[in-house]
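What follows is a set of notes on a single structure, which appears directly below.
In our numbering, the protein residues as written are 2 to 890.
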């Protein structure tokens, strides 16, 4: 019927009407449809959708791609909220699965401003960086629906777009004149298709065979054994150079020794590189693309077909007879199996994952699972540049940061034999570091990865320990070791991929540098004494602990009739603005880190070299004036040290919040800090200390992202709250703030955070259901346990409405039903028992018990103080939860 409306239009539709039940009663939901003019959009692909409330197409025109989706949401009610969220989550899964940045979603959302569904829609758009463009462009009195019975107006139809598609929307309007065929008025959008960015292109693969043979990739047992033998035979020949006997026990600055260290490093790298090349056999190259399941289903038929064909050719290519018949039948069998593999590619991938799970090969299981995630291509242009080298140079300029305090001073030369070396690197320590390092990471510029070290044999730890000891004694590192490849990674997939600010840098260091960095990090961890108010990058502590301290401290004051004033401070590019001179001074004065370790770190940071890589092209080499190394293993400890004195100054002021004599006026997690005070005056003093420290250390506070909150007391309520300023700007006063991913509100109510987790759970479940629909039940259960049972900070929920808590439980149950394809109203307890999976209440109890055990056993002074108080509302919540069993309370 859609196709008969107008022959110039192509169409897709989905009906939701079940005619098998007989005569329809009431006003059932009909379905959704999309029509487009074929002459304007000749190349359109229909996207399959699970929900009958969604229809989607992918438009491709002139190297541009646009995803257009239409929706018809259920009516606005609490009973339909779960279905509404599931539809929004499926939209997100469709977008993630098609690798298209520009997306336009139109239809009847049944979301009138101020109503439940509209609030849910706006919250979802905020979390996904989408925008409801019609509410931005049209006045507040707009309406798209008129009730025929009452004549009331509603704004139910909307248009939601991604950031990349926002620039293509020129105008929006509602056609409310001469419309008599529907109670909904059409929503008209004027779009400029040329404003959509060009489609992403996959990066070009290098044709350098020698580089490919160095990379570890997939190697069988024979190749690994051969690599092991070659490395062992070469590395055992490396002995202690006699030139270093005069300076083996002290510091040295002889220039000739530095050349010897360069030669030693080059020798180690060359041995590993040549062994990797010699042990790797390149596969035969052909013009066929990779076919999933070839070895399992096609290879035998291909060999038989090839043998029969060659036999037929050698016989003179007869047109009849047994040879001709066998050649034709074998070719037919080969083509049939090849076509079957190409047709059932997704199912074969799922079967491979199921076999990995059945054989308990979980390494291959998770590796093949991650491969199903669609890879994002590279945009045709970034920052106005099109050539890969120019784009890499644009990122170089964007990522490079200049310190407000100026460049660091030069590296002082070490005096010859002035002191003995206290840090010794032994082979056992190096071997333990190598064994604990995670495999499968991207290699550095030399294409060597951790696998090359793990399989190099027993002589490599000895050689590396000798090399590192000499490097520490000479405060010197070879230039090749300090080269770092910087790769831009897209932050928001639905954002503008041509915007430089939508990328974050990932630094790929050489594997030898990673081992050395781990060795230096152990020295820092052993000698650093950090304040208890710093929870970031510390063993045994997490974001959950920092949020616990914040909420319990505030609860302590508000229960006693005192409001708490909080300021959430945001440091701009805090890790990139660390001043080197200040950092070395702190290492020397505030710690007992050995001088030779400080000297080596100082040389490393002064001589590090970076290059940005984009689509196989590299930018010019550049150094850094400030900032800890991105991705460096020792970088978190160095940053914590850089901020530690500020935390100590704040805690030693004696003002702000405190419990049982323990100051809790500031809580930090890396660069995220919140100040707590029962008075405005004390809060302003604390902020002055922060501003002075930032100015002296080259840091910058972002007043636009820093916010101010007042936690209200039940007995006291102030009609006027004095303003708070930061860097001369007045801070915005908010009633809710997302602190470390957890929503904190002024009344300490957890409803908003529960809603956050409910939406996040729906997104994760729909992503799994769409991507792994063909998997076996056991595979789906494993994925469900891994991705849908996290419930971030659920152990901190103490004050909430039963409706929101119940909605999360229903969402969890429905998520399991959707993933396994079970009926919507089947028994929740029976399905979880049959699948041997924890239900909602079991997960909550386990998370709460885990947090309670960790807090009570923590050596952190603030956590110990809070855990000893029996009037804690969180402790009361835990006791009620475990005493009453499955209960909302």
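Using N, Cα and C, we set each Cβ at its ideal position, and we do this for glycine too. Small disclaimer: the values here were computed from a predicted structure and weren't measured.
#### Entry: Integer Cβ distance of residue 790 from residue 845, believed to fall under 8 Å
Actually they are not in contact, since the Cβ atoms of residue 790 and residue 845 sit about 11 Å apart, beyond 8 Å.
### Query
Between which two residues does the alpha helix (DSSP H) harbouring residue 499 extend?
Note, residue 499: premise wrong, no alpha helix (DSSP H); not H, not E.
### residue 414 burial status per 10 Å Cβ neighbour count (16 or more: buried)
Its pLDDT being 47, under 50, residue 414 is placed unreliably in this model, and the value from its coordinates should be taken loosely. Exposed, because fewer than 16 other Cβ atoms sit within 10 Å of the Cβ of residue 414.
### Task
Check whether the Cβ atoms of residue 762 and residue 820 lie closer than 8 Å to each other.
no
### Query
With C-beta atoms as the reference, is residue 597 less than 8 Å away from residue 877?
no
### Query
If you draw a straight line from the alpha carbon of residue 245 to that of residue 661, how long is it in whole angstroms?
58 Å
### Query
How many angstroms separate the CA atom of residue 1 from the CA atom of residue 145?
With the chain covering 2 to 890 only, the question about residue 1 has no answer from this structure.
### Query
For the candidate residues 450, 216, 649, 532, whose alpha-carbon lies nearest to that of residue 862?
532
### Query
When the Cα atoms are used, what is the spatial distance from residue 416 to residue 624?
Bear in mind that the predicted position of residue 416 carries a pLDDT of just 45, short of 50, making it too unreliable to give a figure here.
### Task
Please name the residue in 20, 440, 813 whose C-alpha comes closest to that of residue 364.
440
### Query
Which residue comes first and which comes last in the beta strand (DSSP E) that contains residue 667?
667-670
### Query
If you pair each beta-carbon of the stretch 130-148 with each one of the stretch 169-185, do three or more pairs fall below 8 Å?
yes
### Assigned secondary structure, residue 281 (DSSP; H/G/I helix, E/B strand, else coil)
coil
### Message
Determine whether the beta carbon atoms of residue 646 and residue 587 lie at a separation below 8 Å.
### Response
yes
### Message
Just verifying my parser: in three-state terms, what is the DSSP assignment at residue 531?
### Response
coil
### Query
Could you check where the alpha helix (DSSP H) with residue 862 kicks off and where it finishes?
862-868
### CA-to-CA distance, residue 214 to residue 301, given in whole angstroms
28 Å
### Task
Kindly identify the DSSP beta-bridge partner or partners of residue 618.
615
### Message
Tell me the DSSP secondary structure of residue 768 in three-state form.
### Response
helix
### Task
Can you give me the Cβ contacts of residue 514 inside the same chain, cut-off strictly under 6 Å, excluding the 5 residues immediately before and after it?
482
### Whether residue 537 touches residue 670 by CB criterion (8 Å)
yes
### Query
Bridge partners of residue 34, per DSSP?
14
### Task
Within its chain, find whatever has a CB closer than 6 Å to the CB of residue 793; leave out the 5 residues flanking it on each side and keep chain order.
none
### Span separating the alpha-carbon of residue 480 from that of residue 519
19 Å
### Query
Among 128, 119, 115, which one has its Cα closest to the Cα of residue 764?
128
### Message
I'd like to know whether the C-beta atoms of residue 767 and residue 87 end up nearer to each other than 8 Å.
### Response
yes
### Task
May I ask you to list the residues that DSSP assigns as paired with residue 743?
740
### Task
Report the option in 199, 71, 583 whose CA atom is closest to the CA atom of residue 406.
583
#### Entry: Selection from 564, 801, 745 that minimises the alpha carbon distance to residue 714
564
### Query
Taking only runs of the beta strand (DSSP E) that begin and end inside the stretch 166-205, which ones reach a length of at least 3 residues, in chain order?
170-175, 188-192
### Task
Please report the Cβ distance between residue 595 and residue 424, rounded to the nearest whole angstrom; I am assuming they are in contact, meaning their Cβ atoms lie under 8 Å.
5 Å
### Task
Measure the alpha-carbon distance for residue 889 versus residue 807 and round it to whole angstroms.
Because the pLDDT of residue 889 is 45, which lies under 50, any placement of that residue in the model is unreliable, and the question is left without a value.
### Query
In this structure, does DSSP put residue 419 in helix, strand or coil?
Only weak support is given to the placement of residue 419: the predicted model assigns it a pLDDT of 45, under 50, and the question is left unresolved by the model.
### alpha helix (DSSP H) runs contained entirely in the stretch 207-241, provided each spans 4 or more residues
210-215, 222-236
### Query
When the Cα of residue 32 is compared with those of 530, 445, 18, which residue comes out closest?
18
### Message
Three or more C-beta pairs under 8 Å: does that hold for the stretch 564-578 against the stretch 689-707?
### Response
yes
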